Amino acid sequence: MLTFYNHRGVRITDSYVSVDGRRYSVRDLQGVRTTRGPFNRMVVRALGGGVSLIAMAILMGAVMPVAMTAAFGLAGLLAVGSAFVLSRTHPRELMLWANFRGMELMLIKTRDSIEVGKLTRALRRALERDARYSALSY
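Take any residue in the sequence shown, count from 1 to its spot, add 967: that is its number in my numbering.
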């Protein structure tokens, strides 16, 4: 038995995938894919507020004093900048999905993109190895 991945409660071999004590046969897994979860709520709120303040500064610039327009613009830029920083410090969750006997199965959910990449590669290698050996078994 060849092990492709064994870390943090996940084990991928050439015959099965084990996640948190549950075992799934590699032959029954299809449609392996990764998806991203939703954005952090604070990122969305900060970005929306910042864009709103910048839009107010642009649209109301003709009727407001210059200092107030500049204050709205700077506050908007500060909010957009904080949204960018928040998006980097609180990244979206990555999920590894597969179809198991016609049922959607989430194998793992984490914010670590390197870990998801390793898992995806190991699972694809296990699936390719299974396909290669099942084609030779005739």
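Positions of the beta carbon are idealized from the N, C-alpha and C atoms, including for glycine. From a predicted model like this one, the values you see are computed outputs, not experimental measurements.
Checklist entry - Does the beta carbon of Arg1055 sit closer than 8 Å to a beta carbon anywhere in chain D? => result Reference to chain D is not applicable here, since this structure consists of a single protein chain.
Checklist entry - Can you tell me the Cα-Cα spacing of Asn1066 and Asp995, whole angstroms? => result In this structure, the CA atom of Asn1066 is about 8 Å from the CA atom of Asp995.
Checklist entry - Do you know whose CA, among Gly1004, Arg1012, Pro1005 and Arg1091, lies nearest Ser1049's CA? => result Arg1012
Checklist entry - Would you call the segment 1050-1070 and the segment 968-976 in contact, with 3 or more CB pairs under 8 Å? => result no
Item to check | Beta-ladder partner(s) of Lys1076, from DSSP | outcome: Met1062
Next on the checklist: Run through the DSSP bridge pairs and tell me what Glu1071 is partnered with.
Outcome noted: Asn1066
Item to check | Helix, strand or coil at Val984 according to DSSP, with G and I counted as helix | outcome: strand
Next on the checklist: Just to confirm before moving on: does the CB-CB distance between Gly993 and Asp981 stay below 8 Å?
Outcome noted: In the sequence as presented, Gly is not what sits at residue 993; that position holds Val. Yes.
Next on the checklist: Quick check on DSSP: helix, strand or coil for Arg975?
Outcome noted: Correct three-state label for Arg975: coil.
Next on the checklist: DSSP three-state label for Phe999, please.
Outcome noted: In the sequence under discussion, the amino acid at residue 999 is Val, which differs from the Phe named in the question. Residue state, collapsed to three classes: strand.
Checklist entry - For Leu1061 versus Thr1036, is the C-beta distance shorter than 8 Å? => result Result no, Cβ atoms of Leu1061 and Thr1036 do not sit closer than 8 Å.
Next on the checklist: Output needed for Phe1039: all residues of its chain with C-beta closer than 7 Å, excluding positions within five of it in sequence on either side, in chain order.
Outcome noted: Leu1020, Met1023 and Ala1024
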